[in-house]
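These protein sequences, in sequence, are chains A and B.
Residue 468 in our numbering sits at position 468 of the first sequence, with consecutive numbering throughout.
Residue 152 in our numbering sits at position 152 of the second sequence, with consecutive numbering throughout.
Backbone N, C-alpha and C fix where the C-beta goes; we use that ideal spot for every residue, glycine too.
Remember, predicted model here, so these are calculated numbers, not experimental data.
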Amino acid sequence: MRAGAMRAATAGQASVAIVMLAVPLLVPAAEPQESQALRTDSRAPYVHRLTLYDDDGIVISPSDPLAAPYSPARTCGKCHAYGTISSGWHFNAPRADVGPGRPGEPWVLVDAASGTQLPLSARSWPGTFTPQQVGLTDWQFVLRFGHHLPGGGPAEPVPAAVAAAPEAARWRISGPLQIDCLVCHSADGRHDPAETARQIERENFRWSATAALGVAVVRGDARQVPDDWDPLAPPNPDFPEQAGPKAVYDRARFDTDDRVFFSTTKRCSADRCYFCHTVREVDPTVAETPRADSDVHLTAGLTCVDCHRHGLDHAIGRGFEGEGAPAVASASTALTCRGCHLGDTASAPASARLDGRLGAPRPRHRGLPPLHLRELSCTACHCGPWPTGHVRRLQTSLAHGLGIGSKERAATTPPEIYGPVFVMGEDEKLTPHRMLWPAFWGILTGDAVRPLPLDRVQAALGISPRSAPSVSAEALTPDAMARGLAALAEAVKPEGGEAGTPVYVRAGLVHARHPDGSVRTFEHPAAKPYVWPLGHDVRPARQALGAGGCTDCHARDAAFSFGRIVPETAEQTDRPPIEFMYELQGESPVLLSIWASSFAWRLTLKIIGFGCVVVLAAVLLLYGFSGLSAVLKLFS
Amino acid sequence: MEGEETLVFSITAIVALAVAVVALAVHYAVWGRRRQAAWSPGGTRVRRYGAWDRFVLAVTGVCFLVLVGTGLSGAFSEEGLEEWRLWVHMLAAPGFALGLAAAAVTFAERCRFAPHDAAWLAHGGALFGKQRPLPAGRFDAGQKLFFWLGVTLGFVALVSIMATLVPVFGDEGQEVLAGVHRYSTLALMVVVLGGAYALLLVRRGAWRTLVTGAAEEQYVRYYYPTWWEQLQKQQGHKHGK
Numbered sequence: 001m002r003a004g005a006m007r008a009a010t011a012g013q014a015s016v017a018i019v020m021l022a023v024p025l026l027v028p029a030a031e032p033q034e035s036q037a038l039r040t041d042s043r044a045p046y047v048h049r050l051t052l053y054d055d056d057g058i059v060i061s062p063s064d065p066l067a068a069p070y071s072p073a074r075t076c077g078k079c080h081a082y083g084t085i086s087s088g089w090h091f092n093a094p095r096a097d098v099g100p101g102r103p104g105e106p107w108v109l110v111d112a113a114s115g116t117q118l119p120l121s122a123r124s125w126p127g128t129f130t131p132q133q134v135g136l137t138d139w140q141f142v143l144r145f146g147h148h149l150p151g152g153g154p155a156e157p158v159p160a161a162v163a164a165a166p167e168a169a170r171w172r173i174s175g176p177l178q179i180d181c182l183v184c185h186s187a188d189g190r191h192d193p194a195e196t197a198r199q200i201e202r203e204n205f206r207w208s209a210t211a212a213l214g215v216a217v218v219r220g221d222a223r224q225v226p227d228d229w230d231p232l233a234p235p236n237p238d239f240p241e242q243a244g245p246k247a248v249y250d251r252a253r254f255d256t257d258d259r260v261f262f263s264t265t266k267r268c269s270a271d272r273c274y275f276c277h278t279v280r281e282v283d284p285t286v287a288e289t290p291r292a293d294s295d296v297h298l299t300a301g302l303t304c305v306d307c308h309r310h311g312l313d314h315a316i317g318r319g320f321e322g323e324g325a326p327a328v329a330s331a332s333t334a335l336t337c338r339g340c341h342l343g344d345t346a347s348a349p350a351s352a353r354l355d356g357r358l359g360a361p362r363p364r365h366r367g368l369p370p371l372h373l374r375e376l377s378c379t380a381c382h383c384g385p386w387p388t389g390h391v392r393r394l395q396t397s398l399a400h401g402l403g404i405g406s407k408e409r410a411a412t413t414p415p416e417i418y419g420p421v422f423v424m425g426e427d428e429k430l431t432p433h434r435m436l437w438p439a440f441w442g443i444l445t446g447d448a449v450r451p452l453p454l455d456r457v458q459a460a461l462g463i464s465p466r467s468a469p470s471v472s473a474e475a476l477t478p479d480a481m482a483r484g485l486a487a488l489a490e491a492v493k494p495e496g497g498e499a500g501t502p503v504y505v506r507a508g509l510v511h512a513r514h515p516d517g518s519v520r521t522f523e524h525p526a527a528k529p530y531v532w533p534l535g536h537d538v539r540p541a542r543q544a545l546g547a548g549g550c551t552d553c554h555a556r557d558a559a560f561s562f563g564r565i566v567p568e569t570a571e572q573t574d575r576p577p578i579e580f581m582y583e584l585q586g587e588s589p590v591l592l593s594i595w596a597s598s599f600a601w602r603l604t605l606k607i608i609g610f611g612c613v614v615v616l617a618a619v620l621l622l623y624g625f626s627g628l629s630a631v632l633k634l635f636s
Numbered sequence: 001m002e003g004e005e006t007l008v009f010s011i012t013a014i015v016a017l018a019v020a021v022v023a024l025a026v027h028y029a030v031w032g033r034r035r036q037a038a039w040s041p042g043g044t045r046v047r048r049y050g051a052w053d054r055f056v057l058a059v060t061g062v063c064f065l066v067l068v069g070t071g072l073s074g075a076f077s078e079e080g081l082e083e084w085r086l087w088v089h090m091l092a093a094p095g096f097a098l099g100l101a102a103a104a105v106t107f108a109e110r111c112r113f114a115p116h117d118a119a120w121l122a123h124g125g126a127l128f129g130k131q132r133p134l135p136a137g138r139f140d141a142g143q144k145l146f147f148w149l150g151v152t153l154g155f156v157a158l159v160s161i162m163a164t165l166v167p168v169f170g171d172e173g174q175e176v177l178a179g180v181h182r183y184s185t186l187a188l189m190v191v192v193l194g195g196a197y198a199l200l201l202v203r204r205g206a207w208r209t210l211v212t213g214a215a216e217e218q219y220v221r222y223y224y225p226t227w228w229e230q231l232q233k234q235q236g237h238k239h240g241k
């Protein structure tokens with residue numbers, strides 16, 4: 001191996017350069033073969049002491065000063081079918097042949113200066129826009145959201161897409177962002193996903209997995225080099241920063257055969273999942289939000305993948321009922337709340353038909369009228385933060401870059417995400433959701449509102465794309481909005497392609513500029529909040545809604561129905577047409593209040609009811625025995 | 001209710017109520033119509049129901065109709081017992097419970113079976129053949145049967161739903177209790193349907209008696225001869241004094 005590597009090194013810089021520039025374009029020819037997996041068929045973990053390979057399949061030697069970064073596709077793909085894995089849920093969003101699945105957390109295009117927070121998803125979930133619809137290329141998408149991408153998908157475009165991309169030259173320099181298996185499968189915490197984020201910011205896509213693994217440090221930034229960068233050329237003394245990225249391997253991480261120990265696990269730790277799936281409650285009025293309780297399942301010793309399972313296809317089960325194929329062909333439908341706690345009678349394996357899977361206790365729900373189990377999802381009572389009078393402001397890894405060190409992140413950092421919001425889920429059950437009010441500049445054409453590309457909006461409004469996100473949407477006063485709409489009208493007019501009315505969407509309302517300069521405000525489906533169901537953190541029975549009695553939900557001030565959902569920024573500007581949770585639930589506040597009021601008398605009603613039961617029982621017993629006695633006398 | 005249980009209950013309810021209606025229609029066509037001519041209003045009136053009696057029956061009856069309306073429409077609608085139905089249902093329930101308990105206390109003694117009721121029952125209340133007077137006290141055996149069936153089924157319906165409100169029964173127990181509630185109320189509906197038929201269509205003057213509280217002497221003498229004799233004896237006793 002070492003000899004091979006040395007040969008590659010001594011073949012001269014020319015060959016290295018050719019490889020580096022050509023590999024992304026020649027991927028079909030050089031695509032790693034779908035290997036027959038090396039199997040142990042044991043529950044004991046296989047010790048991954050691996051030879052590293054670069055994109056070209058050349059063995060990496062730490063002593064080679066020109067060694068390329070390691071390629072997960074080549075290295076891990078020796079035994080694990082990379083192509084199959086790349087069809088998994090975490091990587092397949094852009095694929096047209098994959099169903100959208102239940103709406104989930106979107107990516108949020110945020111620009112605080114222009115008051116933009118726009119939910120994006122390549123899965124075309126209702127209420128979201130695709131990156132293409134807002135003018136984002138794959139390249140721009142990766143630069144903006146790659147900090148929490150595990151690689152693959154839009155970060156690993158096919159060669160034809162690279163060739164056709166406006167940033168083809170940049171793709172050729174930076175390379176694809178391959179799926180980094182260690183993002184999830186690292187067992188010892190030495191793999192640093194935040195380092196991946198830093199490398200992506202530097203456009204060092206190809207080098208990110210190597211840097212994150214910690215086997216090398218990466219010098220140089222791909223973003224600094226010009227489009228016609230020649231990796232063979234010696235560093236320009238006038239522009240030393242244009243030397244381009246280079247991996248400097250840590251020899252101590254290699255054994256004498258140039259192999260590296262990968263501490264991996266199939267039972268990924270929740271801490272790995274948390275890098276992308278942390279949700280944090282924030283309270284702008286409190287300097288430090290207290291640490292939240294953990295999910296009860298984690299406390300009980302389970303980890304995420306005990307329920308969210310998958311096969312080699314990485315079609316990970318999302319854990320809700322009715323999930324079904326094909327998105328999760330390999331996931332067991334029995335791995336839902338009901339499946340483990342009550343048993344899944346439709347499941348093929350007998351063990352899954354029974355309850356108690358993974359030690360799940362069987363819920364009793366004593367005193368809970370059965371109607372609740374039909375009308376509410378399990379998560380309604382058991383998941384998420386305890387509802388409060390005003391929905392809580394949340395921050396998520398994907399939206400707020402949690403997991404990456406920052407001194408600028410504050411409780412008010414956009415986007416504004418709130419929860420829990422109790423609305424009807426796809427299964428017609430009330431389910432807790434997280435919520436985002438879209439805010440964006442767009443064009444109203446006929447009845448349709450479509451967002452304008454952010455760079456055009458920024459240009460029209462005179463906003464620098466690099467402006468610090470310290471200004472949040474509350475700075476966008478009605479006057480500023482009117483000025484912005486006027487500027488946008490001017491900006492789109494000359495191009496002639498934007499037939500329609502410039503609009504700004506915020507807090508459930510569309511603000512449209514009339515030709516006479518006036519601003520008209522109206523409701524529109526495009527302004528409706530985007531909601532997605534939440535499934536964690538799960539609270540135990542004694543912490544569930546209802547544990548405190550019926551009035552946890554059935555009270556005139558119960559957050560379950562009367563919680564306010566107005567975004568904080570809209571409190572200072574324009575109130576949205578939907579203010580309370582019952583409006584999203586389609587309920588009448590009068591009926592809810594009457595119903596809730598009846599619970600104040602519930603004890604009295606129970607006493608009346610049981611009093612009547614006692615009276616009726618007494619009458620029946622008295623006259624029953626009397627009648628029986630008479631009949632017995634008759635026959636005797 | 002889960003889908004399968006809903007379907008089974010809906011079918012059972014349709015069949016039970018349809019059978020009851022058809023049976024009553026057949027009875028009316030064959031025997032009931034002739035009975036209406038057996039009595040004509042007029043003459044001295046005898047008090048049969050006091051104001052309290054009628055109030056109790058009215059409250060119980062109205063609440064029961066509301067409960068049946070909301071419960072059945074919920075069972076047959078796609079939305080199930082959706083909120084407004086449930087709320088009306090539950091708001092009417094205390095009235096029904098109080099009414100039923102009051103009715104039980106009020107009428108239990110009057111509806112105690114007596115030896116002469118055996119003859120009434122043996123002749124099927126003369127409901128199926130030639131109409132003729134049968135021995136009956138203040139209430140005939142049919143009315144007593146109706147009363148005790150109503151009280152028993154009402155009690156089962158009430159106790160089954162009240163039990164769901166105490167933290168004793170888990171999910172499965174709750175489902176069983178809900179099933180008991182549904183089927184006992186269905187049985188009660190069938191019983192009430194029969195009682196309403198007798199009240200409104202078979203025994204002419206019964207409804208008027210219930211509303212006004214008083215019945216014609218001729219009516220009492222014909223349908224409640226034993227009670228009439230008792231009244232006569234009591235009156236004679238008073239006059240004798």
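Close beta carbons around residue i, own chain, < 7 Å, minus the five adjacent residues each side
i              : result
W228 (chain B) : V220 and R221
S597 (chain A) : R556
E426 (chain A) : R102
A321 (chain A) : A quick correction: the sequence has Glu, not Ala, at residue 321 (chain A). So the list reads T336, R338 and D427, once near-sequence residues are dropped.
A102 (chain B) : V56
K633 (chain A) : none
R513 (chain A) : L485, A486, A489, T501, P502 and V519
Where the beta strand (DSSP E) through residue i begins and ends
i              : result
G419 (chain A) : I417 to M424
Q242 (chain A) : No beta strand (DSSP E) holds Q242 (chain A); DSSP gives it neither H nor E.
Proximity to residue i [Cα-Cα], best of the options
i              : options                           : result
P100 (chain A) : A:S114, A:G115, A:G301 and A:R123 : A:R123
W31 (chain B)  : B:L201, B:R208 and B:Q232         : B:L201
D56 (chain A)  : A:P69, A:S63, A:P62 and A:V47     : A:P69
G137 (chain B) : B:A114, B:G124, B:V156 and B:G125 : B:A114
G611 (chain A) : B:L100, B:D117, B:G125 and B:Q230 : B:L100
L394 (chain A) : A:D455, A:R251 and A:L534         : A:L534
E560 (chain A) : A:V391, A:Q117, A:P131 and A:F239 : The question names Glu, but residue 560 (chain A) is Phe in the sequence shown. The candidate whose alpha carbon is nearest that of F560 (chain A) is A:V391.
Cβ of residue i within 8 Å of any chain B Cβ
i              : result
K633 (chain A) : no
H382 (chain A) : no
R483 (chain A) : no
Cβ neighbours of residue i in the same chain (closer than 6 Å, five flanking residues each side left out)
i              : result
A97 (chain B)  : L158
G500 (chain A) : I443, L444 and T445
P567 (chain A) : E416, W437 and A507
G517 (chain A) : none
Residue i CB to nearest heavy atom of the ligand ZN below 7 Å
i              : result
G359 (chain A) : Among the components modelled here there is no ligand, and therefore nothing to report on the ligand ZN.
Within-8 Å CB hit, residue i to chain A
i              : result
W31 (chain B)  : no
A157 (chain B) : no
E229 (chain B) : no
D171 (chain B) : yes
Identified DSSP bridge partners for residue i
i              : result
H48 (chain A)  : A:F262
E216 (chain B) : B:R45
M435 (chain A) : A:Y418 and A:V531
E281 (chain A) : A:L394
Close-in-space but distant-in-sequence residues of the same chain around residue i (CB under 8 Å, 5 per side omitted)
i              : result
R49 (chain A)  : D255, R259, V260, F261 and F262
A292 (chain A) : R280, E281, P385 and D537
T12 (chain B)  : Y183 and L186
Residue range of the alpha helix (DSSP H) that includes residue i
i              : result
L454 (chain A) : L454 to L461
T299 (chain A) : V296 to T299
Residues of the segment 107-137 of chain B with Cβ closer than 7 Å to any Cβ of chain C, in chain order = You won't find chain C in this structure, because its protein chains are A and B.
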